[in-house]
Structures are given as structure tokens and as C-alpha cells.
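In this note's numbering, the protein residues as written are 15 to 828. Beta carbons: idealized from backbone N, C-alpha and C, even for Gly. What follows is a set of notes on a single structure, which appears directly below.
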DNA sequence: CAGTGAGCGAGCTTCCGCTTGACTT
């Protein structure tokens, strides 16, 4: 006989709350939303005023059944989902699906998971806020309408399986536009002049002091003239200015700032940060990790205060509550913080989990610490006979405050190394004092192109625009990569040389130095598909692509929540403008495909050449479909783009596949496949390494590569067993491994001679890996494969297709 | 992670926002 049932969204939260509430309460979790729009007919009856058709998805039926049973047995059901739009909707769906009696149902909310907060909430129940629920329905239906009407337009006009949506399409737009800025960017060079002066330190010694000229010169001649002039000049300290400044700590972490700092400080991709944080949350070490709030509970502030006092002294304490700056924040939770501030480091968990925890601990602690006090000194040094002056800047930390534990990093830190270094003290000086220089260096500096977005900086931009939510930042980034709109760059950048002039005494020396620029490594760059889809959407649906679209429509959702607007009227207003645009766009008939670029005519055959997005990606086409001879197609190569490929480059593509000769009586052919250029010979494929150009690789080189591959193949096999033909020990790219029933298993490095492994030892290694948490998928993969190969043994093609699928499944998402 | 290798008029695809888990006949 159960008195009370409490339903929250997360199972970890349920566990904690259960402890606070005791035996009269049973706390269960809904695991997020329990219902969603039907997938068929977009799940919306548009004609009759946007009536939503909801259904419980199959993976939620079990939990719904359990909740239903528990609700039936309880006297009172407490709906304790989050206090925001989505949370209110979850409560409403629960009351509908579980058919709760309003008399026996209470809606409660709390922002922090503490005993008092929960008991307070229980003492002040309310009813479900229908206006807020309707605001959520408007949000949900609008996203469905946009996504499910726009995506099919792309299938027809660009390529099947593409997608568009309120959030993802704008994310892609940001990346495409940034790339265009970079392409249009022209680096401008200027000469920066730094002097090293010698200053007496008051103890009979001379110390060096760097000062930069307040002006940069555009040409090398001007810079040289200035340096030459300096050999005749005197240098005098005109002014010394001291300004005290204060630096305050950053707010505690939200999802977005955690992702940014973990990326900058620990080098973690956002998805990795989130899964590590999830682990910490589930083991009770930190508060909820998907939040847009910077609030801390009083408990957290008070324990921080005592930790700071104890570790560093009372003068380091300055407690404060931060207020959110981000657009559309709903603040249903606390900021991300350790559940117990007195725990500075974890003794359990993986090294990465522990490092992330430490980062969270430091950031939280710092947020309750005193500002740092700094003193900035600026010395202006005039040059006789010149209007220009040198400026030396020193900064001294007079009180470190929060900097003792935490220093926030910024994306452009690398460009400003001096600014964030620890104390940089100027030597003692007086106004009117004359200085001698040790040397002067004029360095050619190029203006920096705008930086490409990283995963984390894209999240920051999206948050700034109010687009997306803490729970969707990481999935959005993965979606736009899965759709191949965007990819992570791999180029280290290019080299360029710059001019340096050094003046020592009156000797001027010129030299050239080299720097790297334009690296896109691990940065997001748009693909051809991304660019074409973006331009298409920008042309036909500019309002959806508007950076302010979400912010504006959010304002309407807020009005619905306030009861000032009717939710399906808002939808109707939107849809009446949106839908005709969809029809209009679909009706456009064009000779050319969206994004197609005609390059010209092949001088040899006189046939038309164009590039476009084909069914399998960017492709060049030689000839037109209505010509007698069928058109030829060639996939664009890596690094080529339909935006800028030339006619000549496209023609090159049709030179493959080509025959290079004969070897052992069989033809040797060069082709380009999914994985780059290859040699085809006697029913075997051999990859062509990067060093070779597939267009002029010779027969001899091919034979060499074929023989190398044969040798590798012959060495591949290490051992097999008569008793178990499906198990082999093989040699792969990463050393020896065990292949068993089409699935591969590692051999630990501790085993020195894999050739001596017995069958029993192999089976043990397999079992060990499958029993590990990460190896479970392998076990199931092997089970399905062995079944498939057993039943369809004779049909080799079918078996092959089966294994292919499994290989895909077991490949991690990267 | 462990070797893969084509096509360009079938078939199916898709949104955003909550939340975690991952089949056995």
C-alpha cells in the first residue's frame, strides 16, 4: 500500500530524492518525455486547427506501464518534472497518459536538490499550468512543421536523406558564412616595432624592458627608415601612469560554458564532456549537467565559503549570486557544481572524469572568491625628432583573489600571450629619465583571418543567439556532421614567410622567418552539400534562416505562456506564411539542379561538363542525359569543391579509371573508390598511397605496390586452429589481433608472442573483452553474425551484406 | 581501429527537446 508517488525526469534525481522523502513516498522517473507527435502525417491535423496526435513511442511503453501501475496504487501522485516549458509539458502528458485523477494529483517544483527545497515544494503544490503546456505544444509543433516540410523539399531538390530544421540549419549557416568571410579575407601586412631598452634596476645592474611602438608601418621602407632614424635618437620617459584594476571571477558552469572550457582546457569534444558529466552526475558527484542557470544553492555557497576560508583565508571569500545573461534561459536547475564542495578531487572514476570534476570544482569555488587586484603600469617613451612613442606595459597582481584557483581561458588566448601571463613587472623608472636601447626589431605581422568555429565556440554562438537548448547542443553538432553538411578540418595550415629587421647598435640586419597560418584542424568547415543546402534555404526560406527567427518566435511562446496569445493561432499565423513558400519552392522547374555549376565544354568530345550534388555527393558530369551516349560521372576528389573546381580539373577526373598495362597476364587498372585511388589487378584491390599521383603512377610502381600488398597479406596470418576454423590470429595495421566469427578482438600488449597463444587463451581474451562494459556490443554483434552466416551460408552475397551492416554498427560515432 | 573498392530514375529518408540504455523466441 503506497501513499505517495513522486515522478521526476531523471532516475539519478529520483534516487537522491527518495533518500530525502523516506518510506511514505515512492520516487520514480519518467526518463524525459513519455509521448511525442506521431510520425505519420507529421502527427498534426492542420486543417482542423493544428490538432496534435501524440503517441507513446515503443521504447517508452514499459516505463509508462510501470508508472501507470504505481499511480493506480498511490493515494497522491506528485508530478515533479522540471519547472520549465518542457517540464510542464511532461507533467501534463503524464497526467493524460496515466489518466490521473485531478483530485489526487499535485504539481510541485524545485530548483535545487536539497532536503529543504523538496520539503518546501511538497508543502506548496499547485496545478498544471495549461498556458505553459500550450507554449510547449506550439514549440513542438512548429519544429515538426518546419522540419517535416523543409526536409522533403531538400530530398527532391538536392539529395535524399537530407534534413533541415530551425536549429541545425542556422548552425550550418553560421559555419558557411564564416568560411566565406575567410575566403574573402585578404591578409594585410604591417610592421610592428619592439624595442628592448636597458634600465638600471637600482642595484647597479641593467635589466631589459620591452616596449612597443604605438604605430605600425605599412611598408618595409617606412619601418627601415624609422629604425635608421633611431640610431641618431635619444629616448626619454615622458610619462608613467599607474592604474589599479580589478578582475572578477566568472559565473559557475552552465552546459555551454562547461563545454567551452572543457574544450579549451582539457581538449574534449562537447559530446565527450557531456558523457563524462553524465557519469559524474549519476555517481552523485555533481549536480545536473544540462542547465542554463548560473544559480548556486545557499548550501553550495556556504560550503564554498568554509572551504575557501579554511584553505586560503577569510580575505579570499566573497560570495555572490550570478544572474544569467543568455537569451531564453529557463533556469529550471542549478548551475553545474560539485554536490559536496569539500571534495576537491575524486578518488574514484577515470582520469578524464576526475579532471573534469576538478575543473568544475575550481570554477565553482572561484565564483565565490574575492576579485583579483591588479596594478597596470604604462610607461610612454618618446623618440627625439619623431612624433611617435614607445609604450611599455607592466601588470602586477597585488592580490591574487580567485586567480589562486581558476583562470578562465578564451578562444583568442594564443594571440595575446602577454595579457594573461602572470605578473609582468616594469623596472623602477622616473619620468624624464633617458634610456638606451639594446636592440630594436621590426617584425612583419599579418592581420588574422576570422577563426573557424570549433564545436565549443559554435555552441557559444548558438547560445548567444538563443538557439538550441543545453540538451541539444551536442546532438546538433553531431547531426550536422552526420548529414555531411559540415566536417572537422584536418589541415595543419599553410606556411608563409615574413620579413624581420633587427637593429643592434647601428647594425641593421634583414632576415626571413616562416610562420603557419590558416589551420583548420578540428575546426568545423562546410562541405559542398552544406554550402548548396544553405544557399538554397537562404534563397527560398530566409525567414527560417534568420538569426533572430528563434528569438522572435520565443517571444511569442512567452506570450502564450503568459496567457496573452492562443497557441494554435500563433501556429496558424506562422504556417500561413510558411507553407505557401514550400509549395512555391517545390513548383519551381529548372533545367539545372540546385547548386549545379556548368563549367563549359570538353574540347575533345564537345560534351557539356558540369558539377553538382549527386545522389552520393559532389559529382562531375560529362554529357547531358538526352544525348545518345549516356553521360559519364566522376566523384569529386577530396579537397575539391563544386564552388571552385575548374574545367581542367574536372576533365582530369574522367581520365580514371585507366589501364596502365599487364602483369602476370592480367590487366592493371587504376581507379578511384570510396577510400581513394586504388589499383585493380586479378580480382584484387590495392590502395595507392598518398605519395603517388594516380594519374601518372607507372606500371612498375603498381607492380611494386601489388607485391608489397601480397607480402603483407602473407604475413597477415599468424595462427589458426583446426578445432575452431572461425578463429584466427592475424596481423593488422595496429599489430596482432584475434578475428573470431567476423568480429575482431585486441591482444593485450603484455602478451609478447601472440603466435604461442592457445585456443583456450584466445577464447579467454574474447570473453574478457565481451564482459567489459564497452565490449557488450561486440558480443551481440558476433551473435547476430554467426547466426546470419549459419542460416545463409550458401548465399555468400547475403552473408557479406550481413557482415557489412554489423561493421557499420560497431563503428563508434567518433 | 584491424580492410573496405558502385553507382547517379525504386525502395527510405526528416524536426527539437526531454531522458538513458543497448533484443536472447
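- When DSSP states are grouped into helix, strand and coil, residue 741 belongs to the strand group.
- In the three-state reduction of the DSSP assignment, residue 606 falls in the coil class.
- Among the bridge pairs identified by DSSP, residue 119 is matched with 91.
- In the structure shown, residue 597 adopts helical secondary structure according to DSSP, grouped into three states.
- Contact between residue 347 and residue 305 holds, with the beta-carbon distance rounding to 4 Å and staying under 8 Å.
- Looking from the CA of residue 168, the closest CA among 576, 544, 275 belongs to 544.
- When 200, 309, 250 are compared, the shortest CA-CA separation from residue 268 is found for 309.
- Looking only at 652, 313, 708, 86, the smallest Cα-Cα distance to residue 504 is reached by 652.
- Around the beta-carbon of residue 345, 16 or more other beta-carbon atoms lie within 10 Å, marking it buried.
- Looking from the CA of residue 62, the closest CA among 744, 583, 721, 773 belongs to 583.
- Comparing C-alpha distances from residue 572 to each of 99, 68, 65, 41 shows the shortest one belongs to 99.
- Separation of the CB atoms of residue 181 and residue 490 is rounded to 6 Å, and the pair is thereby assigned contact status at 8 Å.
- Residue environment analysis places residue 482 among the buried positions, since at least 16 neighbouring C-beta atoms fall within 10 angstroms of its C-beta.
- Inclusion of residue 93 and residue 42 in the CB contact set at 8 Å is not warranted, their separation being larger than that value.
- Take residue 338, set aside five residues on each side of it, and the residues of its chain with a beta-carbon closer than 6 Å to its own are 308, in chain order.
- Counting C-beta pairs with one atom in each stretch, the segment 497-513 and the segment 587-598 have fewer than three that are closer than 8 Å, which means they do not touch.
- The beta-carbon separation of residue 382 and residue 334, rounded to 7 Å, stays under the 8 Å limit for a contact.
- Within the segment 431-467, the beta strand (DSSP E) runs of at least 3 residues that lie entirely inside it are, in chain order, 448-460.
- Three or more beta-carbon pairs separated by less than 8 Å are not found between the segment 235-253 and the segment 269-281, which leaves the two stretches without contact.
- Around the CB of residue 295, 16 or more other CB atoms lie within 10 Å, so the residue is classed as buried.
- Counting other Cβ atoms within 10 Å of its Cβ, residue 542 reaches 16 or more and is therefore classed as buried.
- In its chain, beyond the 5 residues on either side, 168, 171, 172, 608, 609 have a beta carbon closer than 8 Å to the beta carbon of residue 550.
- Secondary structure at residue 295: helix, using DSSP grouped into helix, strand and coil.
- Nearest neighbour of residue 161 by Cα position, chosen from 149, 175, 150, turns out to be 175.
- Taking C-beta atoms under 8 Å as the contact rule, residue 403 and residue 397 qualify, at a distance of about 7 Å.
- Rounded to the nearest angstrom, the gap between the Cα atoms of residue 515 and residue 444 is 30 Å.
- Within the same chain, 40, 87, 88 come within 6 Å of residue 16 by CB-CB distance, once the 5 residues on both sides are set aside.
- By alpha-carbon distance to residue 83, the top candidate from 60, 114, 70, 101 is 114.
- Taking the Cα of residue 762 as reference, the smallest distance to any Cα among 755, 748, 526, 754 is reached at 748.
- Residue 258 sits in a strand when the DSSP states are folded into three classes.
- Secondary structure at residue 306: coil, using DSSP grouped into helix, strand and coil.
- In this structure, DSSP gives residue 248 a state outside helix and strand, which the three-state scheme calls coil.
- Following the DSSP letters along the chain, one finds residue 628 in no alpha helix (DSSP H) but inside the beta strand (DSSP E) bounded by residues 622-628.
- The C-beta distance from residue 143 to residue 195 rounds to 44 Å, too long to meet the 8 Å contact threshold.
- Distance from the CA of residue 26 to the CA of residue 298, rounded to the nearest whole angstrom, comes to 8 Å.
- For the 8 Å CB-CB criterion, residue 419 and residue 376 form a contact.
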